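In the working numbering, the protein residues as written are -13 to 281.
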């Protein structure tokens, strides 16, 4: 996977992420927010803005109105890429884009006219899990497998105080299934999951348990919580993404068990050969988590 937060990787995964998200949870969220004519959204670990690009037009379909988005990330390089990515995305959809002092304004029409007021904010989420004022919705993706239980407890408390709904998508759940299977698959999955539970920016990461632990913590904080599977299903047509993904898995597995590096290298070469020959499918498990505050 290389650097999980490198812009090229985020660009590769964005279409698959959008296709894989759990639509039933999104529909529950849109129904809850349907009557809001103004909506304040905080996007955690925003990267280059993929959550906005996926959710904003769908929220507009449900309600029109004005959406104020604050994109929060610790990486200034990724945040610097946001305006260009948003302009390209918006213009491809026929939306108007106007620069503002603090970001961009995007206007368009879905079922009703809508405006997106977009600002970026460099923030250390490990120090403060929700570094914004009162918002209506908190979003994130590929996040819960990176954080610690302590971080989730602090986040749940802050979210409860804000009164916001929350949708965090695509947290890795520890399940990988390959077709065809080859020797080494089970070992690599086991080692990747061990690596996922290592020390990360947010403390001792929960790894594949992150989504389930988040659901439990949010429910304990008084939210109505729904979860749904959101697996990636990758085939030969996703060759570039699969190559990047498998290289990242091999690197993580080798870090977790350096004495197995040679065997892991052989496994990776076999996987790459399969991809080059037009074979190789993999399903990667993810969990989406929706938390709705009391009415």
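Beta carbons are placed, not taken as given, at the ideal position from N, Cα and C, and that holds for glycine.
Just so we're clear, the structure is a prediction, and the values are computed from it rather than from any experiment.
Should residue i go down as buried or exposed, given a rule of 16 or more other Cβ atoms within 10 Å for buried?
i           : result
residue 182 : buried
residue 196 : buried
residue 17  : exposed
residue 206 : exposed
residue 263 : exposed
residue 232 : buried
residue 115 : buried
residue 85  : exposed
residue 46  : buried
residue 172 : exposed
residue 77  : exposed
residue 97  : exposed
residue 119 : exposed
Let's see if you can read the secondary structure: which residues bound the alpha helix (DSSP H) around residue i?
i           : result
residue 261 : 247 to 262
residue 2   : -7 to 6
residue 16  : 9 to 19
residue 72  : 68 to 78
residue 314 : The structure shown does not extend to residue 314, since the chain is modelled only from -13 through 281, so no value can be given for it.
residue 225 : 225 to 242
Consider the C-beta atom of residue i and the heavy atoms of the ligand MG; say whether any pair is separated by less than 6 Å.
i          : result
residue 29 : What this structure holds is no ligand at all, so the ligand MG is not there to describe.
Quick test of your reading: residue i and residue j, contact by CB under 8 Å. State the CB separation rounded to the nearest angstrom.
i           : j           : result
residue 273 : residue 157 : 5 Å
residue 6   : residue 218 : 5 Å
residue 60  : residue 109 : 7 Å
Please work out which residues of its chain come closer than 6 Å, Cβ to Cβ, to residue i, disregarding the five sequence neighbours upstream and downstream, and give them in chain order.
i           : result
residue 160 : 179 and 194
residue 187 : 112
residue 152 : 124, 145 and 277
residue 177 : 239, 242 and 243
residue 39  : 75
residue 37  : 29, 125 and 127
residue 8   : 214, 216 and 274
Just reading off the beta strand (DSSP E) that residue i is part of, what are its end residues?
i           : result
residue 106 : 99 to 108
residue 90  : 89 to 95
residue 28  : 24 to 30
residue 265 : Premise fails: residue 265 is in no beta strand (DSSP E) and is neither H nor E.
Spatial neighbours of residue i within its chain, please: C-beta separation below 8 Å, excluding the five flanking residues on both sides.
i           : result
residue -11 : Low confidence applies to residue -11: its pLDDT is 41, below 50, so where it sits in the model is not reliable enough to give any reading.
The region 60 to 75 contacting the region 8 to 22, beta-carbon criterion three pairs below 8 Å: no
Is the number of C-beta pairs between the region 186 to 205 and the region 130 to 148 that are closer than 8 Å three or more? yes
Pair every Cβ in the region 47 to 60 with every Cβ in the region 91 to 105, then say whether three or more of these pairs are closer than 8 Å. yes
Flag this pair as touching only if the region 222 to 237 and the region 27 to 38 have three or more C-beta atom pairs under 8 Å; answer yes or no. no
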